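Counting from -16, one number per residue, gives the positions in the sequence shown under my numbering.
Built from N, CA and C at the ideal position, the CB exists for glycine as well.
Computed from a predicted model, the values in this text were never measured in an experiment.
Below is one structure, written out as structure tokens; the observations come after it.
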Amino acid sequence: MIVSDNTIHTEATDPMLLGPDAANELLAGAPWRRFAAVGDSLALGVGDPSPGYRDIGWSDRLAEILTGVRPDLEYLNTGKIGATVDQVLEHQLHPVLDFRPDLVHISCGGNDLFQPGGLDRLPKRLDRLFEAVASTGALIFAFTIADVWNTERMAAMRRMREPMAALNAIVRELATRYDALLVEFWDHPLRLRPEIMSADLIHFTTGGHAVVTSEVVRALSTHVPVVSD
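Below, the structure written as structure tokens:
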């Protein structure tokens, strides 16, 4: 369960979530047959369990929904905890390209911020990753990191707010350059929920992952062809 404004939310009652029928309706007619997620723990979907929510990350949730509307969907997630952009380029890019995806999520760069000079190297390295994936013709989607650092619980991690904001700016620029779908979470009201962060203060709990999935579905629905009656 998640407490927000003195209200206890569960997966069945969370007002930020799309129900299964609504998600299926939004993605009915989805053209994608090969969905890949590439990057770090955010792509992998890491997070502590939330009582009242299924213990599943956002990317696996999305794959389930897409499979519901396209039973022939194939799904590959190469995300790895702690991966830097260089490690993604070296170990994940080729398997993803060999998979021949038509829908790709990219999440990485956060781990580089913990390395000296990591932020300075990010624009060129992330550009290389986006460019390689875009060359396949796949639809790329990414999201920005939510501004979670202004709560008392996050005080120990507040130093990361500025570099994460800088990473978001890089991702926004690349999304524009490569015509990628960008899902914005920086100002999303999800960030205000007091129990949204896992114990490591880095990852969303699975309740947060559920909301992320709903927002991604809403965004992807804008790229689903409209079928005339």
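* Asked: Can you tell me whether DSSP reads arginine 53 as helix, strand or coil?
  -> Correct three-state label for arginine 53: coil.
* N-terminal and C-terminal residue of the alpha helix (DSSP H) that histidine 192 is part of -> 189 to 204
* Three-state secondary structure (DSSP) of histidine 77 -> helix
* Whole beta strand (DSSP E) runs in the segment 8 to 62 with 3 or more residues, listed along the chain? -> If we require 3 residues or more, the beta strand (DSSP E) runs fully inside the segment 8 to 62 come out as 17 to 22, 57 to 60.
* Asked: Run through DSSP, which three-state label would valine 68 get?
  -> helix
* Asked: Given a threshold of 16 other Cβ atoms within 10 Å of its Cβ, counted over all protein chains shown, does alanine 5 qualify as buried or as exposed?
  -> exposed
* Own chain, CB closer than 7 Å to histidine 206, minus 5 neighbours either side, in chain order -> Leu122, Leu164
* Distance between methionine 140 and phenylalanine 82 (C-alpha atoms, nearest Å) -> 37 Å
* To do: Report the rounded CA-to-CA distance for valine 195 versus proline 78, giving the unit in angstroms.
  => Straight-line measurement puts the Cα of proline 78 at about 25 Å from the Cα of valine 195.
* Pair within 7 Å by beta-carbon distance, valine 116 and valine 87 -> yes
* Asked: Just the Cα atoms here: how many angstroms apart are isoleucine 48 and glutamate 8?
  -> 10 Å
* Could you tell me which of Leu112, Ser204, Asp95, Ala193 sits nearest to proline 32, measuring between CA atoms? => Closest by alpha carbon: Ala193.
* Buried/exposed call for aspartate 23, threshold 16 Cβ in 10 Å -> buried
* Quick one: what's got a C-beta closer than 6 Å to arginine 144's C-beta in the same chain, skipping five residues either side? -> Trp132
* Nonlocal neighbours in the same chain, by C-beta distance under 6 Å from histidine 171, ignoring five residues either side -> Ala129
* Asked: Which whole runs of the alpha helix (DSSP H) in the segment 98 to 138 are 4 residues long or more, in chain order?
  -> 101 to 117
* Which same chain residues, not among the five before or five after aspartate 38, have their C-beta less than 8 Å away from its C-beta? -> Pro32, Thr189
* What's the C-alpha gap between glutamate 103 and leucine 157? -> First, the residue type needs correcting, since residue 103 is aspartate and not glutamate in the sequence shown. Between aspartate 103 and leucine 157, the C-alpha separation is close to 15 Å.
* Asked: Are glycine 12 and phenylalanine 187 close, meaning C-beta to C-beta below 7 Å?
  -> no
* To do: Starting from valine 154, trace the alpha helix (DSSP H) both ways and give me its first and last residue.
  => 144 to 160
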